[in-house]
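Report on one structure; see the data block that follows.
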Ligand code: CP
Ligand code: NVA
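Residue numbers (my numbering): 5 to 305.
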């Protein structure tokens with residue numbers, strides 16, 4: 005297995021499923037309060053260039069539950085000292101580094117110069133931790149075999165979708181991105197994912213066709229962190245892609261609703277969908293804790 009958790013593309017399908025199975029095991033242990041101090045005495049450095057609620061709390065809490073500790077660094081990488089020097093310093097003190105950055109290349113550079121594992125906690129390109137938590141939630145609700153499950157991702161072809169494409173490249177599932185023209189994903193990444201995908205990976209601009217037959221409808225914010233200046237033009241471009249009751253009615257009658265959060269209620273999703281019984285968004289959020297504990301326990305033990 006590779007040293008770092010930067011992209012799901014770096015792992016085999018078996019390794020990804022092993023993370024998910026360990027995440028379920030740790031979820032049960034945590035709920036039963038069975039001690040699992042796999043990382044006793046170890047420390048995680050958490051670098052944040054962007055805001056966070058879920059990632060920050062779940063990595064910190066996860067380390068605590070595993071018997072270790074974490075240290076928070078809110079910074080702009082490369083501003084005070086070079087990224088390689090940050091990595092060389094941290095390597096001498098801590099047992100793992102988690103980083104949320106703008107540039108994906110900064111996480112790659114941290115991993116290159118650190119001898120301890122580096123975990124990608126979201127970059128402009130990818131968000132692999134989110135997809136592990138999402139997949140855990142989807143399996144918890146629809147069973148471990150996702151090969152007959154259709155997930156319609158309605159919204160921006162962004163970091164979250166890219167990591168879902170990487171997942172679909174390795175673990176059988178049928179993934180469709182439904183996005184407005186001009187907001188397509190990185191099609192080279194999608195083409196690469198399609199080469200090994202057991203299921204399908206589709207991209208369409210047609211909401212009705214894209215959502216038809218979906219077992220789960222997923223959405224994310226229209227303007228990601230760093231794209232705030234584009235908010236007004238994106239609100240216009242994505243208006244027809246809002247996940248509301250009418251859109252959910254085009255999916256299967258028992259379709260689940262998913263969102264990585266934070267949600268902009270009234271924009272990409274309505275209150276009626278967010279708060280409906282179909283919504284599993286807080287299961288996804290809870291699983292960030294268990295899925296990341298599985299990653300840390302595997303890479304840092
Ligand atoms: N989904 C997610 O990564 O949430 P935060 O931005 O709050 O960490
Ligand atoms: N696409 C969003 C995900 C937030 C968890 C962003 O990058 O801001």
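C-beta: ideal position from N, C-alpha, C; glycine also.
For residue 59, no beta strand (DSSP E) segment is defined; the enclosing uninterrupted segment is the alpha helix (DSSP H) at 58 to 69. By the criterion of at least three beta-carbon pairs nearer than 8 Å, the stretch 170 to 185 is in contact with the stretch 194 to 207. At the C-beta level, residue 71 and residue 26 stay beyond 8 Å of one another. For residue 163, the CB falls within less than 7 Å of some heavy atom of the ligand NVA. Within 7 Å of the C-beta of residue 183 there is not a single heavy atom belonging to the ligand CP. Of the candidates 256, 41 and 223, 223 places its Cα closest to the Cα of residue 274. Around the beta carbon of residue 225, a 10 Å sphere encloses 16 or more other beta carbons of the protein chains shown; the residue is thus reported as buried. Inclusion of residue 225 in the 7 Å shell around the ligand NVA follows from its C-beta lying nearer than that to a non-hydrogen atom of the ligand. Closer than 7 Å to some heavy atom of the ligand CP: that describes the Cβ of residue 59.
Residue 131 has its CB nearer than 7 Å to a heavy atom of the ligand NVA.
Residue range 285 to 304 is occupied by the alpha helix (DSSP H) that includes residue 285, with no beta strand (DSSP E) assigned at that position.
The C-beta distance from residue 156 to residue 284 rounds to 15 Å, too long to fall under 8 Å, and the pair is not in contact.
According to DSSP, residue pairing for residue 101 in a beta bridge involves 49 and 122. Between residue 294 and residue 33, the alpha-carbon positions lie close to 10 Å from each other.
As DSSP reads the structure, residue 9 sits in a beta bridge with 123. When the five nearest sequence neighbours on each side are left out, the beta carbons in the same chain lying within less than 6 Å of the beta carbon of residue 127 are those of 105, 108 and 111, in order along the chain. Per DSSP, the beta bridge partners of residue 220 are 155 and 260.
Judged by DSSP in its simplified three-state form, residue 135 adopts helix. For residue 91, the CB contacts under 6 Å within the same chain, skipping 5 residues up- and downstream, are 114, 117 and 118 in chain order.
When secondary structure is reduced to three states using DSSP, residue 205 falls in the strand class.
In the three-state reduction of the DSSP assignment, residue 75 falls in the strand class.
The closest heavy atom of the ligand CP lies 7 Å or more from the beta carbon of residue 11. For the ligand NVA, a non-hydrogen atom lies closer than 7 Å to the CB of residue 229. Ranked by how close their Cα comes to the Cα of residue 287, the residues 201, 31 and 38 have 31 in first place. Look at the beta carbons and you see the stretch 150 to 164 not touching the stretch 36 to 52: under three pairs across the two are nearer than 8 Å. The ligand NVA has a heavy atom closer than 7 Å to the beta-carbon of residue 126.
In the structure shown, the three-state DSSP call for residue 225 is coil.
If you draw a straight line from the Cα of residue 132 to the Cα of residue 278, it is about 23 Å long. For residue 182, the uninterrupted beta strand (DSSP E) run begins and ends at 178 to 182, by DSSP. Distances taken from the Cβ of residue 246 to the heavy atoms of the ligand CP include none shorter than 7 Å.
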